[in-house]
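Protein chains in written order, with my numbering: chain G, 1 to 214; chain H, 1001 to 1214; chain A, 2001 to 2214. What follows is one structure encoded as structure tokens, with my remarks underneath.
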Amino acid sequence: VGKPPYASELAYRRMPSGVARGLAWTPLGGAVLYVESIDTGHQGSGGAFTGGPRLHTTGQIGSVMKESSDIALSFARRFLQAKDPANRFFERAYIHMHVPEGATPKDGPSAGCTMVTSLLSLALNRPVPSDLAMTGEMTLTGRILPVGGIREKVVAAKRAGLKRVLLPQQNIRDWEELPDYIRRGLEVSFVSSYDDVYRIAFASAGAGASAGAS
Amino acid sequence: VGKPPYASELAYRRMPSGVARGLAWTPLGGAVLYVESIDTGHQGSGGAFTGGPRLHTTGQIGSVMKESSDIALSFARRFLQAKDPANRFFERAYIHMHVPEGATPKDGPSAGCTMVTSLLSLALNRPVPSDLAMTGEMTLTGRILPVGGIREKVVAAKRAGLKRVLLPQQNIRDWEELPDYIRRGLEVSFVSSYDDVYRIAFASAGAGASAGAS
Amino acid sequence: VGKPPYASELAYRRMPSGVARGLAWTPLGGAVLYVESIDTGHQGSGGAFTGGPRLHTTGQIGSVMKESSDIALSFARRFLQAKDPANRFFERAYIHMHVPEGATPKDGPSAGCTMVTSLLSLALNRPVPSDLAMTGEMTLTGRILPVGGIREKVVAAKRAGLKRVLLPQQNIRDWEELPDYIRRGLEVSFVSSYDDVYRIAFASAGAGASAGAS
């Protein structure tokens, strides 16, 4: 009662590497959702990995969202192999991914693209721009699938003072049907594959330094 | 409400290696279904594999479909050993197979032949023709068993703009009973063993380069 | 009947390293809650870690609180790596964390910051000041999120004779709305990241020696 869902007030002033900002739909409306990934340093870099999970998740996430994290790790690893073969981060890291707030049950596939971004930000040690939020289901080969709750998510992004939002290409009609007063002040990019997300989230120099809105 | 089941709009323009297109029956009608497999690079190529799963699946698939993926891996591995003994892909790979969309529960054996095709496409690094869809249950020795929902599946293939469909030999009567206006414009091949599928999905040169319809 | 919830009478005169004092909300009112961590010596320092849990928890804690302990361990490990790279405690320790009283079911994320403090106290072998209690949800990157039940928790801290309380920055309004007679005699610090907690809980020399109130 009265408490907004999710961590809409988490309000990072500077986003540390490994943190990405998503948008969630809840029965109470849209909400900003964070995905935090850290390297726990669980294993030394020397030893050969002998099985078991490399990704530990917390945040009361349901089975679909748990699968999203598996997909995100598989995709991010392969994506990084192509982009930067010298980067061996995913070969040695033992990652913990958390989705605050810890007491709020969460599920659904729409955080997939935020999870990939969180993992790549960690692997590349590059922060995600702090005025940017995103939503979209990932497939294992990097396609971005449409999601629900576009109106609520866009409203939540505005309320949080964000300037830039990434939406799936196939949600373009949902955006176009929104009234002008909601769309005003938001810069929206439509993405159909993770390549599109990468260009925006990890654009060189300038983008990373753009001022956050929170 | 209004949203079509499964990823009928996933719409790969070019099919990457490891992706195969199937046809599914759902309570809401037929649907195009994708099977995506990637090599996660989980293990280095040097180390011996010391147990644990070699195939990780996601996509909210039920127990029958999970078993289909096990059958697909066992069959594909043995099939490749016969076709191309020098190819050691399945000996070293740690595969992640995903069936979008991630929030839609799926089950049943009819994606078996699509799963084998996805795995072989990955192992051979050869894309499946982008105008082709298939349905059929696999046995462990490569027989193709008949499936349900032929009418709905054929309609879904047409709606997605596909040109070629593989159906189990034993479903030939279901096809012949379809009205002409549904059958028109589709080239159907009937398959009784995976050899038949292989000849069509991995036909040399020309087939791989044939233009997709999506 | 008549027995206060949680271990408000546990009343450590001197806090051993590994123990931190939190504040809990219960249906019967606020309560002081302890988190105790010890090194079980389960593994020798020589062997390479090959998987499995490094943290064992007891105390009838629910799924959210269990995740809090995972988050606390991941965060504390990384925090210590930054503060004191020579300290290898978390690389070799096999930790048992208990939340008395053992028969009382507990859940919720608000002990997160107390759990981190318990773990760091153990790793650093430095006791937490015995007049200090705290409450706050942790994120994986060290942010402190607001919690519920501030009034009840503050009352419980006073009743237990504590002098200093740490509350999340975003709970400042809850504190300001409390009547004067409750706030009197308590020194409250508002914390927004674990750095703030660390400075107070592990302030050098003087703080550790300040007299407890119990």
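For every residue, glycine included, the Cβ atom is placed at its ideal position computed from N, Cα and C.
Close Cβ partners of residue i (< 7 Å) along its chain, the five nearest in sequence each way excluded
i	result
G:A133	R21, G22, L23, V32, A157, L162, V165
H:S1069	L1055, T1057, M1097, M1115
G:E187	K163, R164
H:G1059	H1098, V1099, P1100, G1102, K1106
A:L2178	R2151, V2154
Residue i - containing beta strand (DSSP E), residue span
i	result
H:A1020	1019 to 1026
A:D2039	2029 to 2039
Per DSSP, the bridge partner or partners of residue i
i	result
H:A1133	H:V1165
A:V2188	A:V2165
A:K2153	DSSP, once it has assigned bridges, lists no residue as partnering A:K2153.
A:M2115	Bridge partners of A:M2115: none, in fact.
G:L55	G:I95
G:S193	G:R143
G:K106	G:I61
H:M1138	H:I1144
Assigned exposure category for residue i - 16 Cβ within 10 Å defines buried
i	result
G:Y181	exposed
G:L120	buried
H:D1084	exposed
A:G2046	For A:G2046, the pLDDT reaches just 37, beneath the cut-off of 50, and the residue's location in the model is therefore unreliable, leaving the point undetermined.
H:P1027	exposed
H:G1062	exposed
H:P1100	buried
H:G1185	exposed
H:A1203	exposed
H:E1067	exposed
G:E36	buried
G:T117	buried
A:T2040	exposed
A:G2102	exposed
A:N2125	exposed
H:A1259	Residue 1259 of chain H lies beyond the stretch modelled for chain H, which goes from 1001 to 1214, so this question has no answer here.
H:Q1081	exposed
A:R2077	buried
G:D195	exposed
H:R1199	exposed
A:P2127	buried
G:P129	buried
Host alpha helix (DSSP H) of residue i (start-end)
i	result
H:I1182	1180 to 1183
A:D2084	Run containing A:D2084: none; DSSP gives neither H nor E here.
A:E2176	2172 to 2176
8 Å CB neighbourhood of residue i in its chain, flanking five on each side removed
i	result
A:T2050	For A:T2050, the pLDDT reaches just 43, beneath the cut-off of 50, and the residue's location in the model is therefore unreliable, leaving the point undetermined.
A:E2137	S2068, P2109, S2110, G2112, C2113, I2144, L2145, P2146, V2147, P2168
A:L2140	I2071, S2074, F2075
A:V2155	G2029, G2030, I2182
A:A2123	A2076, L2080, N2087, F2089, F2090, A2093
A:G2254	No statement about residue 2254 of chain A is possible, as the shown extent of chain A runs from 2001 to 2214 and does not include it.
6 Å Cβ shell around residue i - same chain, five flanking residues per side excluded
i	result
H:G1044	Low confidence applies here, because H:G1044 scores a pLDDT of 41, under 50, leaving its location unreliable; read the following figure in that light. Answer for H:G1044: no residue qualifies.
Interface residues of the stretch 143 to 163 of chain G facing chain H [CB-CB below 7 Å]: R143, L145
Please list, in chain order, the residues of the stretch 1096 to 1108 of chain H that have any C-beta partner in chain G closer than 7 Å.
H1096, H1098, P1100, E1101, G1102, A1103
Between the stretch 1013 to 1042 of chain H and chain G, which residues of the former have a C-beta closer than 9 Å to a C-beta of the latter?
P1016, G1018, V1019, Y1034, E1036, S1037, I1038, D1039, T1040, G1041, H1042
Self-check item: Cβ-based contacts, 7 Å cut-off: residues of the stretch 2127 to 2143 of chain A near chain G
Solution: E2137, T2139, L2140, T2141, R2143
message: Which residues of the stretch 2166 to 2184 of chain A have a Cβ closer than 7 Å to any Cβ of chain G? Give them in chain order.
response: Q2170
task: Anything in the stretch 2076 to 2098 of chain A with a Cβ closer than 9 Å to a Cβ of chain G? List those residues in chain order, please.
output: R2077, R2078, Q2081, F2090, E2091
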